[in-house]
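The structure appears right after this line, and notes come after that.
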Amino acid sequence: MEEIARLDQEAGMNALKARQVLDATIGDIAQVLGGIFALHDVEDAVVWKAMKHLDLSHSTALARLQESDGPESFEDREASKTHPAVEALLRKLRVKRDD
C-alpha cells in the first residue's frame, strides 16, 4: 500500500514538473515573439491572433499531458499554410523525437 502511495506521489510530482516546464516554455515563446513583433512593428491584430493560437497550443499540450495513452503526434493535425522556417523547425523536432 505504501508503494502505491509513493508511486502516486511521484506521478503527481512528475505531472506538476511537466506543467511547470510547459508553462515556462510557452512564456518564453511569448516573450520571444513579443520582442520580434515589437522590433518589426507587427500589426496589433496579428499579435493578438498569434497569442490566441499560442494559448490554444498551451491548452492542447495540457490536455495531452493528462491523456493516459500519450500525446497525439503533430502529424495527426490538419496541415495549414506555414512559413518554410516553421516547417524546417517542425521537421527538426520530429527527427529529435524519433531518435
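Here numbering that gives the first Met the number 0 is used: the first residue of the sequence shown is 0, the next is one more, and so on.
Backbone N, C-alpha and C fix where the C-beta goes; we use that ideal spot for every residue, glycine too.
Neighbour flag for residue i against chain D, beta carbons, 8 Å
i     : result
GLN30 : Considering every chain present, this structure includes no chain D. It has just one protein chain.
Where residue i falls: helix, strand or coil (DSSP)
i     : result
ASP40 : coil
GLU9  : helix
LYS16 : helix
SER79 : coil
GLU66 : coil
ASP97 : helix
Whole-Å CB distance - residue i paired with residue j, under 8 Å assumed
i     : j     : result
ALA29 : MET12 : The pair is not a contact, with the Cβ atoms about 26 Å apart (cut-off 8 Å).
ALA14 : LEU64 : 7 Å
LEU21 : LEU61 : 7 Å
Quiz item: Do the stretch 52-62 and the stretch 18-25 make contact, defined as three or more Cβ pairs closer than 8 Å?
Solution: yes
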